[in-house]
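To start, the structure itself, in structure tokens.
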Amino acid sequence: MSSIQVRPATLRDAKAIAQVHTSAALEAYRGLLPDDQLKSMSSVEKRQAYWREAIEYCEPQVQVAVDGDKIVGFVGFDRSRDEKTRNTTGEIWAIYAAPSHWNKGVGVALWDAARDGLHEEGCTTVTAWVPLRNERALRFHELAGFKREMTTAKTAVVGGVKIEEVRLKRPIN
Numbered sequence: 061m062s063s064i065q066v067r068p069a070t071l072r073d074a075k076a077i078a079q080v081h082t083s084a085a086l087e088a089y090r091g092l093l094p095d096d097q098l099k100s101m102s103s104v105e106k107r108q109a110y111w112r113e114a115i116e117y118c119e120p121q122v123q124v125a126v127d128g129d130k131i132v133g134f135v136g137f138d139r140s141r142d143e144k145t146r147n148t149t150g151e152i153w154a155i156y157a158a159p160s161h162w163n164k165g166v167g168v169a170l171w172d173a174a175r176d177g178l179h180e181e182g183c184t185t186v187t188a189w190v191p192l193r194n195e196r197a198l199r200f201h202e203l204a205g206f207k208r209e210m211t212t213a214k215t216a217v218v219g220g221v222k223i224e225e226v227r228l229k230r231p232i233n
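Each residue of the sequence shown is one higher than the one before, counting from 61 in the working numbering.
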């Protein structure tokens, strides 16, 4: 039985969220981005400011996964940011688990919390943008029932490097 609990983030959680975000992103993008670009993404302070503001203004809604008293993951979700989507379409803006907690149920617990939150907001579908070369993230979303929408593939800039992303989509229920 998992000891992972999920709860709404508080302002006090911003630093821990930033630390998880940084360590998970560095590990996830290793080999996908050049080392110098990875280094430029390693500012916990910048991410802390971003997540502090997100928590304060609830945009996106942020929930954290806690193992004991330690934050081991987080999810940010809200309405879709994509143009021309229905107002019943939600989006996973970010979902990360600490590398030490990969494959331990953290992502599933966070996904369940986001799905419940989006359902409460009246969303009927949910999307997520994932880099095409991030096999771990693609596999996670596909195991959660998301399907790739290959016609949505686009180039995004991450840490100053262009990467190909694709939108994944699934019904909330």
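Cβ atoms here follow ideal geometry from the backbone N, Cα and C, with glycine treated the same way.
Query                                                                                                : Result
Pick from ILE223, LYS130, HIS81, LEU92 that is closest to TRP153, judged by C-alpha positions        : HIS81
Identity of the residue in ARG107, GLY150, PRO68 nearest ARG230 by Cα                                : GLY150
CYS118, DSSP secondary structure in three states                                                     : coil
Cβ-based burial, CYS183 [other Cβ within 10 Å; buried from 16]                                       : buried
Candidates LEU92, ASP95, ALA174, LEU86: closest to ASP138 by CA position                             : ALA174
For LEU93 and VAL135, the rounded distance between their alpha carbons                               : 23 angstroms
The stretch 157-164 in contact with the stretch 72-88 per 3-pair CB rule at 8 angstroms              : yes
One or two residues paired with GLY167 in a DSSP bridge                                              : None, per the DSSP bridge assignment.
Run of the alpha helix (DSSP H) containing ALA188, from where it starts to where it stops            : ALA188 -> not in any alpha helix (DSSP H); beta strand (DSSP E) instead, spanning 185-191.
Counted within 10 angstroms of its Cβ, other Cβ atoms place TYR117 as buried (16 or more) or exposed : exposed
Beta-bridge pairing of LYS144 - partner residues as DSSP gives them                                  : Note: LYS144 sits in no beta bridge, so no partner.
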